[in-house]
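What follows is a short report on a single structure.
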Amino acid sequence: MGMCWRGSWMTNPCFACKSMANQLFLVGYMGAGKTTAANALSLRTGLPMIDLDEELERRAGCSIAALFDQDGETAFRTKESDLLLQIAGNAALPIVACGGGIMGNSTNVRTMQTHGHVVWIDPPFEVILERLRANPGGRPLLATMGDPFDEEVLRAHFAERQSGYAKSDERIRDLSEEVLAALADRISRGG
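Under this note's numbering, residues 29 to 219 are what the sequence shown spells out, in order.
Here it is as structure tokens:
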């Protein structure tokens, strides 16, 4: 595997250098910008995207928060993994925005790495904190952290998730226009 597109915003070889199957999986903490990035990449490339949380809500006919309330987090994670298995390898869905907890399951990590390239969107904690303060709704894990949520509990949870995200193929700290343009170009060229 060769090295290319190495810049300050990236820590690992890019998927243009990797034998990529057909999908780009965007992972990261809640509020990192996964859905925003997936939508931007879809618009730039003209290729479809899927947001796993939105698809789970569509299939269940209720919100992620309601799914957590009804069945608990363990059942939700099982549904999330089942959906990932259904869409992994589907060339018709080249851009995938994943839920914040998806990297906590090693089978999910293997599935994504087998069928594509995993990109960790990792803005600084302060950026995530600001976004979550501005838009806390629809995030069931935040609800477990107090009302309003406790910043220290959030910080500890954020730190706990880092080791899972570190299994990604690539890490992006800043989703600038330049970075999105580079990702879109790489996707358009077929990875």
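Backbone N, C-alpha and C define an ideal beta-carbon position, used for all residues, glycine too.
Check your understanding: Going by C-alpha distance, which of 216, 167, 148 and 51 is nearest residue 201?
Key -> Nearest to residue 201 by alpha-carbon distance, out of 216, 167, 148 and 51, is 148.
My output table needs one value for residue 68: the three-state DSSP class, helix, strand or coil.
Residue state for residue 68 is assigned as helix, using DSSP reduced to three classes.
| request: Assuming residue 189 contacts residue 57 (C-beta within less than 8 Å), just tell me the rounded distance between them. | output: Indeed, because the Cβ distance is near 6 Å, the residues count as touching under 8 Å.
Could you give the uninterrupted runs of the alpha helix (DSSP H) lying entirely in the stretch 75-129, keeping only those of 4 residues or more? Along the length of the stretch 75-129, whole alpha helix (DSSP H) runs at least 4 residues long occupy 80-88 and 92-115, reported in chain order.
Item to complete: For residue 192, name the three-state secondary structure that DSSP assigns.
Response: Note: residue 192 maps to helix in three-state DSSP.
* Mark residue 126 as exposed unless 16 or more other C-beta atoms lie within 10 angstroms of its C-beta, in which case mark it buried. => With 16 or more other Cβ atoms from the protein chains shown falling within 10 Å of its own Cβ, residue 126 counts as buried.
* What number of angstroms, rounded off, separates the C-alpha of residue 78 from the C-alpha of residue 65? -> Within the model, the alpha-carbon separation for residue 78 versus residue 65 is close to 11 Å.
message: Strictly by DSSP, which residues pair up with residue 146?
response: According to DSSP, residue 146 shares a beta bridge with 53.
For this session: Buried or exposed for residue 71, please, with buried defined as at least 16 other CB atoms from any protein chain shown within 10 angstroms of its CB.
Result: Using a 10 angstroms sphere on the CB of residue 71, the tally of other CB atoms stays under 16, which defines it as exposed.
Tell me the DSSP secondary structure of residue 161 in three-state form.
Residue 161 carries a helical assignment under DSSP once its states are collapsed to helix, strand and coil.
| task | Reducing DSSP to helix, strand and coil, say where residue 199 ends up. | result | Of the three classes helix, strand and coil, the one that applies to residue 199 here is strand, per DSSP.
Item checked: Whole-Å CB distance - residue 67 paired with residue 117, under 8 Å assumed -> At roughly 22 Å, the Cβ-Cβ gap does not stay under 8 Å, so residue 67 and residue 117 are not in contact.
I'd like to know whether the C-beta of residue 138 is nearer than 8 Å to at least one C-beta of chain D. The displayed structure is made up of one protein chain only, and chain D is not part of it.
Taking three-plus beta-carbon pairs below 8 Å as touching, is the stretch 88-105 in contact with the stretch 158-172?
Segments in contact, yes.
- Query: Which whole-angstrom value describes the C-beta separation of residue 60 and residue 156, a residue pair presumed to lie in contact below a C-beta threshold of 8 Å?
  - Reply: The C-beta separation of residue 60 from residue 156 comes to about 6 Å, placing the pair in contact by the 8 Å criterion.
Can you tell me which of the three DSSP states residue 151 falls into?
-> When secondary structure is reduced to three states using DSSP, residue 151 falls in the coil class, being assigned neither helix nor strand.
Task: Residues of its chain near residue 181, where Cβ-Cβ distance is below 6 Å and the 5 sequence neighbours each way are ignored - done: Contacts found: 173.
Starting from the Cα of residue 192, find the closest Cα among 103, 207 and 129 and give me that residue. Put simply, of 103, 207 and 129 the residue whose alpha carbon is nearest the alpha carbon of residue 192 is 129.
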